[in-house]
Amino acid sequence: MLDEIGAALVVGVLTGSVYSMVALAIVLIYRASRVFNFAQTEFGTTGLFAAFVAVELWGWNYGLGILFGLAVGICMALATERLIIHPLRDSSRVTLLVGTAGVALAAIGIQFWLNNEQPIRQMPRLVEGTAAAPFGTPVTYQQVITFLVLIAVAVGLVFFFRSPTGLAVQAAQQESTASELVGISVRRVSMLTWGIAGLLGGLAGVLAGPNLTFSAGFLTFGAGAALLPGFMAAVLAGMRSMPGAVAGGLLVGFVEQLGALSIFDEVQGSRALLLFLFLLGVLLLRPQGVFVREKAAV
Amino acid sequence: MTILQRKSRKRARHAKADEPVTETSVLSTEDTESRESGTAPDATKELPRVTESNGEFRPSAGGWIARLLTWAVLLWLLLAVPGNVLSPFDFGVSDINLAIAATIFAIIGLSLNVLIGYTGQLSLGHQAFVGIGAFASAYVVTDLGLSFWIAVPVAAGIGALQAALLGAVSLRVTGLYFALVTLAYGLFAEQSLFSFAEITGGDGGKPAERPAGFADDHLFYYLCFGFLVLVLWLDWRLTRSKAGRALQALRENPKVAASYGVDVKRYTLLAFVVSGTFAGIAGSLMAHHQQIIVPGIFSFQLALVFVVMTVVGGLRNRIGVVIGSAFFASLGEGGGAGDGGGFLERTIGLPAEFTGIVIGPILLLVVITLLPGGIGQLIAPVKNWMLGKRFDRHAGKLKEVEVSDVRA
Amino acid sequence: GQKAGVTGFAGGQPGQPGEPGVGNGADSMGSPDGTGGGVAGEDARGNGQDAAAGNGTGNGAAEAGGNGGNGDGPAVGDGDTTGVTDDTITIGIHAPVTGAAAFPQESFRDGVGVYAEYINEQGGIHGRELEVIFRDDGFDPNQARSVCREMAEQEEAFLLIGGGGSDQIDACARYAETVGVPYLSAGVHEERPGLGSIATDAFYALSLTYAQQIPLLTDLVNSEHAGSQTAVLVADNDSLNNFYDEAEQAFEQETDLALAQRVPRNTGARDAPEIGRRICASGADVVLWNASPTGLINVSKSMTCTVTWIGPGNTNGLDIVATGGCPQIEGAQYFSSFPGTDRIDELDPNYSDAYRQKNNSEPDDIGVALWGIEKLVADVAEAAGEALSRESFTGTLSGGDTFDNDVYPPVQFDGDTRFGGTAMHLREARCGADPEFVTQRLNVSP
Amino acid sequence: MSVLEVNGVSIHFGGVKALQNITLTAGEWEIVGIIGPNGAGKTTLFNCITGFYQPTHGTVRYRGRNITRREVHERAALGIGRTFQNVGLVKEATVLENLRTAQHLETEYNPWIGIAGGASSFFEEGRITRRGRQLLSLLGLSEIAAEPVADLPYGMQKRVEIAAVLATDPDLVLLDEPGSGMGPEEAHELGEMLLALRKQFGLSIVMIDHHVPLVTRVSDYMYCFNFGEVLAEGRPAYVRNHPEVARAYLGEEPDEEQHARENGQVDEVREGEHVS
Amino acid sequence: MSLLQLEDLVVGYGAFPVLHGVSFTVDEGEVCVLLGLNGAGKTTTVATIAGLVRPWSGSVRFAGGELGHKSPSARVASGISLCPEGRRVFPGLTVQQNLKLGGWTRRKHSGIVRDQLALVFDYFPRLAERSGQLAGTLSGGEQQMLAVGRALMSRPSLLLIDEASLGLSPTVARVVWEVTHRIKADGTTVLMVEQNAGALPYADKALIMEKGTLTYTGVGEQVQQIDLREAYLGA
Ligand SMILES: Nc1ncnc2c1ncn2[C@@H]1O[C@H](COP(=O)(O)OP(=O)(O)OP(=O)(O)O)[C@@H](O)[C@H]1O
Ligand SMILES: Nc1ncnc2c1ncn2[C@@H]1O[C@H](COP(=O)(O)OP(=O)(O)OP(=O)(O)O)[C@@H](O)[C@H]1O
Ligand SMILES: [Mg+2]
Ligand SMILES: [Mg+2]
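Chains as they are written, first to last, in the numbering used here: chain A, 598 to 895; chain B, 519 to 926; chain C, 46 to 491; chain D, 474 to 749; chain E, 50 to 284.
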């Protein structure tokens, strides 16, 4: 039992670190554009596909392939901003949400199509091998790297939001007319944040991908599905706090993983059940979110 | 309770004496008692009569005939063609199935429109609402052996109940929290609830017989169409009555709504219940349409399709939502049948099976960026014209905001 | 009758009155009782137009009724001839090429109709050309049912073939049985809770079902992995309940079973580590995995130990699984009802040439599977004689003859059985080889 | 009997003491004016009366009934109507539609009957539409009945807001800066209108405004707030010329001796500021 | 020399023109007041100058150059700052953050930002008191002060103020007008929209607008003589 809980903790933190990375980007975009970005994980899957193609099919050097994947993720995010978000800037939030969902679905469709010859893919790891196996659960170097990158990114984002540019990002979202009137180019700010989100997405993709097989929609609905847990984590963070998003992702990962305990073996969908109960509990106890101080400034 | 209080207030007012207060009376508060001697005539009595607006557009005789003809063609398309009556087309099984799916999706779209459009709350778990309606209906018919006509109200009631419960929980919070709760609920239903064979009959699904007299696809279409008309009626009356206006005020400015006396919680719950009822009805019809309803289809992707079709149809635009939903139903049902001539396969190598999943979302993006108001925006001029107004290309268009690069 | 009416088994099979499962067009409720069906069939013949009216159930068959074509009395060979014209026979295949666990669309695009083209070049089947239509079922039982309905009723397919995905096969098979369209597929399960047997009327499994392959699996363990500890991991789809129970029991009795449990259908990041942990903790070295291939690979990637994967056919033995899963699944042994491309040329020298002739791509093992099934259909139709009808086709197929086309293991239906497989081929993953799944043994029978 | 009695109300937000022990009454058919520097707590008092804020101390009574803990919509049902400092209307709806919405409590059918399309709902809808039009014509707003509120100039929106509050059929109306965004001419008209409406509808009015001449002209009684406290109260002329008020609010030299003598002059200065 | 020059400006919303050919100039170092009834088009005029609304025809020239289709943010960089109607503070940011953002175009020169901040706090001590409060929770008048302060932060060469006195107590309104007078000395030109006659004593030039056209222009002494009621009714 203790072993199982230990394993759940390890696996929860490892899967959770991908959720956290997604949650960070979701919070970032939400703070910048007031939209829940459904395409976030597809920036990652697309980046992963690109890296895979570069490394495995074109025979590029691994590092170059990863950079290429990240670049594709960023480009996709920028294109989304220019082609969908910008033209829809005056529309309601769910229209924007549907726009990003459309981007995600289109990306998945295209991945499906271009990939249909070989639907099951594997990307080699950055560093092969297992760093440790606490409680019988292998922790790969890849996962250790993912976790470290997550922490670095989260710290970076906290500082970003404290910087003048970070302030401008929030200002642009809260009162875009006024932002223009103080000289902030809403357009540039928006591109900047989407670019960062694309980078985060790409990172999640190229870091999470090698641990599993991947197929179209890998990070959205596939084996590495992190969109919905990422969303939960982001909401738990009140859609604003960066450290909250990280903690939220890890927590969601852990709670979900408790469903894997053998006492729940007979319970169908124990993970979803636990998450649902957990969220209900959270909402009843702390309606304003878990990781938010009321009216926190940053 | 509140109504009673209000009535008593009115009585109190009518009990006042008759002398009007004079404008010049300048009294300090200490003397208020002495001023308790005037009256104000009841507002409604004194208000001037207003003549109804003048100079309204009236179509010419020719205009009326054109409109009537258009109506006739529309009715023929909706009523005669699917039944292969007076129709040069041969409506085969896949066509009629598509038509049925379209009506059912339209009801789902309208259900979601109540939530997203009227209350501004996003539901990411609507597949669960529909699914539970479907299994409730199948259960009533198959396990309890009762009639379809009992199953539909039961499904609607269960839909209403779950929406009310979920709504009550999430009323404590607003905005994305409701989306989150519905999302988690949907996943829970999909992975946990729908895994109970007692409810769903197992992965192979639960049979759901069609009602006597409607076993035939064509007849079943008319049944579904009837329900769609009913839902449209309810939805129309909702928006045209006090509840709809209260919801609009709530959505735009809850403080103002409350200051008008709108009970925020009560009306939000009301909208949830209405939405849940519609979803339950749709679920029931879906079960009897499929005849065996499998739990596997009620996945998050379906919930996403529901949201997408509603928004693409056009929030708060009934006809747009119906058209958008029908369109997405055909994308889903038709699967790969989109690329008839194999045109895309020859040109860009896109196989027919993938047209739905590749072209569909791209089409969606094009529609939504060109028409942020959805399909409803596109058809608004036609609709207005058919309702006897002047044809105005700009009707339904969102207000152009000539502001450069600024989010208003 | 109706415009797109589909011919049901409106009149019984005159040649074999009382043959259970055949000729009881009205019997769509799954009654195994041949007599009742026969009576209904008798009645139906009198009614001609409405086959089902006879026994008053009116269920399913009411739609299937219609132009039975045999309203005017019994004549041998004269039966339901939907899909058969003087010069064509149309058959329909469905399989998932989109959806959660799709097969490569290219494989189906290229593989479907290779044998048809080949046989048509040879003069067809009694002068009739074989036409194959294909529909994607999107890995969705509802869509499977509706594409099958479309193929049967609108496209008037003579028979339907399930290309993969047990839930879709189940859904389509059950539909096919309500309207009496012959339905052929690889063996999957025999029944599922709540819905009963998959094979009540028109269903024919051309290979061993999962459960029938259990003895093969225990034999495999005992012959090649003697002394190993075993684990049984089965997807939690309820159609596999039966398989799981029987496999657990068999492995318990005949091998050293260390772990038995159900696994989620799509094993990804969140469950793979826990499953891998349990396998390694149990000490098993041979693991029966009957769940999705991606799950197989994901679990194998998050394990600290190495094991030999084994399992029943067909999906996990496909080359695409090895291509995606190597090197982790090295040594995996999966049964399959068709050989890989490494052995097909020696078994049936026509396949590769015919494949290349139709397509400008290299033949693959999915093509072999399609080739084999089309070939089987053609063989049976050939044997059914000139006067082809659904009745004569199914009559021939289930008449007790063995059909061996060198691709599929021999198929034989006699008496009541709807599961005509007799053996399986065995494929083994050898990472680095070409193809990476080699055909290790042919025609392994229980 | 007073219509409104605010008794010792205090509220604070973190460190900010927005209201401290405020006591205020408004009698039947009385117009009470509130002035005071920015951030003095005027709007906060309205929020306490209408229920958007819960006072930390003190009670709010309406016609003798303690309503301190009532919900906002319950207070509205009792007959308290209010306008907002930054225009409280449904902006995307038309003016007439807003008036219908405002008659929520006047619309006497069950919402479910409305959804089902019961006959009574059609009848009521017709009635409230007519009543809405009557109100608009009374306030001279008939011409813009079909305009979406968002397209109207600010001053016009302020007027529509008053029409909407009247549509709720209130007994007590709280007006938060009704004259803001209005020119002198319009502010003058507004004053006339308020007096007329009070008479016609039998209203008690509490109003906040920075147009001191407007407030002094229409009020029967006046309060000046400062730092969450009542600085001065009494008849308008008294409050307006109160030295503390002059210093804290009007920014004039508090010269108590000259106070009486300079009354007229002070008036003129302010007349110059807010022509009315 | 005129700093701002509007020529035959036609602006509208949707299909309806609101300004029907407005022309006027504002000279450097001038305080100019734009008066007019509700809906006259005052807001539209200043919004066009700030770039929030695109003119249909006509030209806006600033410091000798045509502004054309420059974005609002680019105009701020070139020295135009607007305190908009309806305040539009950043509700989720603190007072201090709001003001800092007002100096966005000057963020490279921390000295200027610091000086301006001190100046704004000096003009409006209430803002200094509340520097850590979220702007959304300020009272209406406090928000208005913040909006004016924020517009001052970039030390613009042309300051546009749209009804600054709206919601301000007489004292604070007077402070705003005095500020315009004071910054004139630093070379800042001011164009302010007002409905309040109290602003007139501080103005060098007055424009009166009616239904989208200018009906009156007065300079110097004339300005002090304007009787608003007569001006509106009599024109
Ligand atoms: N976004 C808009 N869409 C349509 N019409 C508008 C819009 N904004 C303003 N108008 C119209 O333009 C005209 C001028 O409006 P503007 O706001 O410029 O007037 P204003 O002089 O500033 O009035 P106020 O003193 O009330 O602020 C008004 O008739 C108004 O109805
Ligand atoms: N929710 C809140 N959180 C923190 N402070 C608040 C809140 N609401 C109001 N305040 C503070 O309380 C004080 C009183 O605000 P209020 O809005 O009542 O002022 P007001 O008298 O209406 O001023 P104005 O004339 O500017 O509208 C202000 O200083 C304001 O900053
Ligand atoms: Mg206020
Ligand atoms: Mg204005």
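Ideal Cβ positions, reconstructed from N, Cα and C, are used throughout, including at glycine.
Small disclaimer: the values here were computed from a predicted structure and weren't measured.
ask   = Going along the chain, which residues put their C-beta within less than 5 Å of some heavy atom in ligand 2?
value = Every residue whose beta carbon comes nearer than 5 Å to a heavy atom of ligand 2 appears here in chain order: D:Phe486, D:Val489, D:Ala491, D:Asn511, D:Gly512, D:Ala513, D:Gly514, D:Lys515, D:Thr516, D:Thr517, E:Thr186, E:Leu187, E:Ser188, E:Gly189, E:Gly190.
ask   = Any residues whose CB sits closer than 5 Å to a heavy atom of ligand 1? List them in chain order?
value = Counting only heavy atoms of ligand 1, the residues whose C-beta sits closer than 5 Å to one of them are, along the chain, D:Asp624, D:Pro626, D:Tyr627, D:Gly628, E:Tyr62, E:Val67, E:Asn87, E:Gly88, E:Ala89, E:Gly90, E:Lys91, E:Thr92, E:Thr93.
key: For Gln767 (chain A), the nearest candidate out of A:Ser787, A:Val750, A:Gly670, A:Ile748 (CA to CA)   = Checking every option, the nearest Cα to that of Gln767 (chain A) belongs to A:Ser787.
ask   = At a CB-CB cut-off below 8 Å, which residues of chain C make contact with Asp721 (chain B)?
value = The contacting residues are Asp212, Arg237, Asn282, Asp283, Ser284.
inquiry  = Considering only heavy atoms of ligand 4, does any lie closer than 7 Å to the CB of Glu134 (chain E)?
reply    = For Glu134 (chain E), the Cβ falls inside the 7 Å cut-off from some heavy atom of ligand 4.
query = Would DSSP call Ile275 (chain E) helix, strand or coil?
reply = Three-state DSSP puts Ile275 (chain E) in coil, outside helix and strand.
key: Chain-ordered neighbours of Val125 (chain E) on chain A, where CB pairs are closer than 7 Å   = The answer, in chain order, is Leu778, Val779, Gly780.
query = Is Thr562 (chain B) buried or exposed, if buried means 16 or more other CB atoms sit within 10 Å of its CB?
reply = Any reading at Thr562 (chain B) must be qualified, since the residue scores a pLDDT of 39, below 50, and its modelled position is unreliable; the value itself is stated next. Exposed, since its Cβ has fewer than 16 Cβ neighbours within 10 Å.
inquiry  = Would Ala112 (chain E) pass as an interface residue toward chain D - the criterion being a Cβ-Cβ separation below 8 Å?
reply    = No, its Cβ sits nowhere closer than 8 Å to a Cβ of chain D.
inquiry  = Given the structure, does Glu212 (chain E) come close to ligand 5, in the sense that its CB is under 7 Å from one of the ligand's heavy atoms?
reply    = For the structure depicted, ligand 5 is absent and the ligand set comprises only ligand 1, ligand 2, ligand 3 and ligand 4.
ask   = Would you say Ile893 (chain B) and Val900 (chain B) are within 8 Å of each other, going by their C-beta atoms?
value = Cβ atoms of Ile893 (chain B) and Val900 (chain B): not closer than 8 Å.
query = For chain B, is any of its Cβ atoms less than 8 Å away from the one on Thr692 (chain A)?
reply = Yes, contact with chain B.
key: Thr386 (chain C) versus C:Gly445, C:Glu481, C:Glu201, C:Tyr228, residue with shortest Cα-Cα distance   = The candidate whose alpha carbon is nearest that of Thr386 (chain C) is C:Glu481.
ask   = Can you check whether the CB of Gly169 (chain C) is closer than 8 Å to the CB of Leu415 (chain C)?
value = Their beta carbons are not under 8 Å apart, which means Leu415 (chain C) does not touch Gly169 (chain C) by this criterion.
ask   = Mind checking whether Thr69 (chain E) and Val80 (chain E) have CB atoms under 8 Å apart?
value = Per the sequence shown, the amino acid found at residue 69 (chain E) is His instead of Thr. Not in contact: His69 (chain E) and Val80 (chain E) (Cβ atoms no closer than 8 Å).
request  = Could you tell me whether any Cβ in chain D is nearer than 8 Å to the Cβ of Gly779 (chain B)?
outcome  = It does; some Cβ of chain D falls within 8 Å.
message = Restricting to Cα atoms, I'd like to know which of B:Ala584, B:Ala789, B:Ile614 is closest to Leu597 (chain B).
response = Nearest C-alpha to Leu597 (chain B) among B:Ala584, B:Ala789, B:Ile614: B:Ile614.
task = Give the straight-line distance between the Cα atoms of Ala590 (chain B) and Met904 (chain B), rounded to the nearest whole angstrom.
result = Cα-Cα distance, rounded: 11 Å.
message = To be precise: take each residue of the region 476-490 of chain D, compare its Cβ to all Cβ atoms of chain E, and keep it if any distance is under 9 Å. Which residues remain?
response = Answer set for the region 476-490 of chain D: Phe486, Gly487, Val489.
request  = Answer yes if the region 575-595 of chain D comes into contact with the region 528-536 of chain D, meaning at least three C-beta pairs across the two stretches below 8 Å, and no otherwise.
outcome  = Contact between the region 528-536 of chain D and the region 575-595 of chain D is absent, with fewer than three C-beta pairs closer than 8 Å.
query = When the Cα of Glu579 (chain D) is compared with those of D:His715, D:Asp649, D:Asp642, which residue comes out closest?
reply = Check the Cα spacing between Glu579 (chain D) and each of D:His715, D:Asp649, D:Asp642: the tightest is with D:Asp642.
query = Whole alpha helix (DSSP H) runs in the region 817-889 of chain A with 4 or more residues, listed along the chain?
reply = As summarised for the region 817-889 of chain A, the continuous alpha helix (DSSP H) elements at least 4 residues long and confined to that stretch are 824-833, 839-855, 867-882, given in chain order.
key: Where Asn511 (chain D) sits in the DSSP three-state scheme   = In the structure shown, Asn511 (chain D) sits in coil (DSSP, three-state: anything other than H, G, I, E or B).
key: Own chain residues within Cβ distance below 6 Å of Phe709 (chain A), not counting five before or after   = Same-chain partners within the cutoff: Ala813.
ask   = Roughly how many angstroms separate the alpha carbons of Lys420 (chain C) and Ile178 (chain C), rounded to a whole number?
value = Those two C-alpha atoms are separated by around 15 Å.
query = Taking Cβ-Cβ distances shorter than 8 Å, what residues in chain C pair up with Gly814 (chain B)?
reply = Neighbours of Gly814 (chain B) on chain C, chain order: Asp185, Pro186, Asp212.
message = Against chain B, with Cβ distances strictly below 8 Å, would Leu877 (chain A) count as a contact?
response = Leu877 (chain A) counts as touching chain B.
request  = With a threshold of 7 Å, establish whether the CB of Asp649 (chain D) neighbours any heavy atom of ligand 3.
outcome  = Yes, ligand 3 has a heavy atom inside 7 Å of this Cβ.
Burial state of Asn539 (chain D), where buried means 16 or more other Cβ atoms lie within 10 Å = With a threshold of 16 other beta carbon atoms within 10 Å, Asn539 (chain D) falls short and is exposed.
key: N-terminal and C-terminal residue of the beta strand (DSSP E) that Arg254 (chain E) is part of   = For the record, residue 254 (chain E) in the displayed sequence is Lys; it is not Arg. Per DSSP, the unbroken beta strand (DSSP E) holding Lys254 (chain E) starts and ends at 254-259.
query = Residues of chain A with CB under 8 Å from Ile875 (chain B), in chain order?
reply = For Ile875 (chain B), the neighbours in chain A by C-beta distance under 8 Å run, in chain order, Leu702, Ile705, Gly706, Phe709, Trp710.
key: Contact with chain E by Pro761 (chain A), beta-carbon distance below 8 Å   = Yes, Pro761 (chain A) lies at the interface with chain E (some Cβ there is under 8 Å from its Cβ).
Host beta strand (DSSP E) of Asp541 (chain C) (start-end) = The question about residue 541 (chain C) has no answer here: the residues shown for chain C are numbered 46 through 491.
inquiry  = At a threshold of 7 Å, does Gln558 (chain D) count as lining ligand 3 (C-beta to nearest heavy atom)?
reply    = Yes, Cβ of Gln558 (chain D) sits closer than 7 Å to a heavy atom of ligand 3.
inquiry  = Using a Cβ-Cβ cutoff of 9 Å, what residues of the region 218-230 of chain E are near chain D? List them in chain order.
reply    = Along the region 218-230 of chain E, the positions whose C-beta sits under 9 Å from a C-beta of chain D are Ser218, Pro219, Thr220, Val221, Ala222, Arg223, Val224, read in chain order.
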